[in-house]
Amino acid sequence: MSAISAASSSSMITSSRSVDMKCKSQLVNTVTYRCRLKQQPAFALGAVFFRYPHGLFKLRSNPKRVRRVAPVMQWQDCTVKMEVDVPASVAYNCYADRESIPKWMPFISKVKNLEDKPELSRWSLKYKAFGQDIEFSWLARNMQPTPNQKIHWRSMEGLPNRGAVRFFPRGPSSCLVELTVSYEVPTILTPVASVSILS
Numbered sequence: 002m003s004a005i006s007a008a009s010s011s012s013m014i015t016s017s018r019s020v021d022m023k024c025k026s027q028l029v030n031t032v033t034y035r036c037r038l039k040q041q042p043a044f045a046l047g048a049v050f051f052r053y054p055h056g057l058f059k060l061r062s063n064p065k066r067v068r069r070v071a072p073v074m075q076w077q078d079c080t081v082k083m084e085v086d087v088p089a090s091v092a093y094n095c096y097a098d099r100e101s102i103p104k105w106m107p108f109i110s111k112v113k114n115l116e117d118k119p120e121l122s123r124w125s126l127k128y129k130a131f132g133q134d135i136e137f138s139w140l141a142r143n144m145q146p147t148p149n150q151k152i153h154w155r156s157m158e159g160l161p162n163r164g165a166v167r168f169f170p171r172g173p174s175s176c177l178v179e180l181t182v183s184y185e186v187p188t189i190l191t192p193v194a195s196v197s198i199l200s
């Protein structure tokens, strides 16, 4: 229970000593949405946002009554640029072949195009954070592309995200690839998520 911070006001989480055994299992590794990143160990933050994806739990004055508190969410934008020694058309085709992306993008574990709706694709992401294997999935709508110039998408369900890949020729055998991804995460995890996606 060391992950639970004692708070002075009744609106904050009650100290573990005043919580009965029934509530303890629900409050382990739980933090309030007001706490700062440095106040909780990493494993506690991971448990909160990945064990309880629909919100945090916070006690009222009666420790037996638990109500759900939604975490404060924020859209995070990340852009990465890289010059590669292939023509823009070749780089474009690598991204256009979505089901092959996991072969060269390590944290994307699987992409599957829907047979009956080719404009939709199911994505799975896996990476390590807080000493745990974290997995997310989402259904993406593949927006109308601009051949050899732009591919973009927007999630329809699952992990909220949207993004675009742009291709800028730098000569007959090289191009600049610009990847922009926007995703919605709890505000408290924004710095961690930013580092994860950029790495």
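So for the sequence shown, this note's numbering puts the first residue at 2; every next one is plus one.
Glycine is no exception: its CB is placed at the ideal position from the N, C-alpha and C atoms.
Note that the structure is predicted; figures quoted are calculated from it, not measured.
Query: Can you tell me where the beta strand (DSSP E) holding Ser138 begins and where it ends?; Result: Gln133 to Asn143
Query: Please state if the CB of Ala89 and the CB of Asn149 are separated by a distance shorter than 9 Å.; Result: yes
Query: What does Arg1 pair with, by DSSP beta-bridge criteria?; Result: There is no way to answer for residue 1, as the model of the chain reaches only from 2 to 200.
Query: Is it true that the CB of Val182 sits closer than 9 Å to the CB of Gly164?; Result: yes
Query: Could you please give the first and the last residue of the uninterrupted alpha helix (DSSP H) stretch that includes Val91?; Result: Ala89 to Ala97
Query: In the DSSP assignment, the beta strand (DSSP E) including Asn162 goes from what residue to what residue?; Result: Asn162 to Pro170
Query: Check whether the Cβ atoms of Leu140 and Leu126 sit closer than 9 Å, and answer yes or no.; Result: no
Query: Which residues in the same chain as Tyr96 place their Cβ atom closer than 6 Å to its Cβ, once the five residues preceding and following it in sequence are excluded?; Result: Ile152 and Val166
Query: Looking only at its chain, what residues have a beta carbon closer than 6 Å to the beta carbon of Trp76, apart from the 5 residues adjacent to it on each side?; Result: Ser183 and Glu185
Query: Looking only at C-alpha atoms, which of Asp86, Arg155 and Cys79 sits nearest to Phe169?; Result: Asp86
Query: Helix, strand or coil: how does DSSP classify Ser101 here?; Result: helix
Query: Can you name the start and end residues of the beta strand (DSSP E) that Gln75 belongs to?; Result: Met74 to Val85
Query: Quick one: grab the DSSP three-state call for Ser183.; Result: strand
Query: Report the three-state DSSP secondary structure of Met157 (helix, strand or coil).; Result: strand
Query: Leaving out five residues on either side along the sequence, give the residues of the same chain with a beta carbon under 7 Å from the beta carbon of Leu177.; Result: Lys82, Glu84, Phe169 and Arg171
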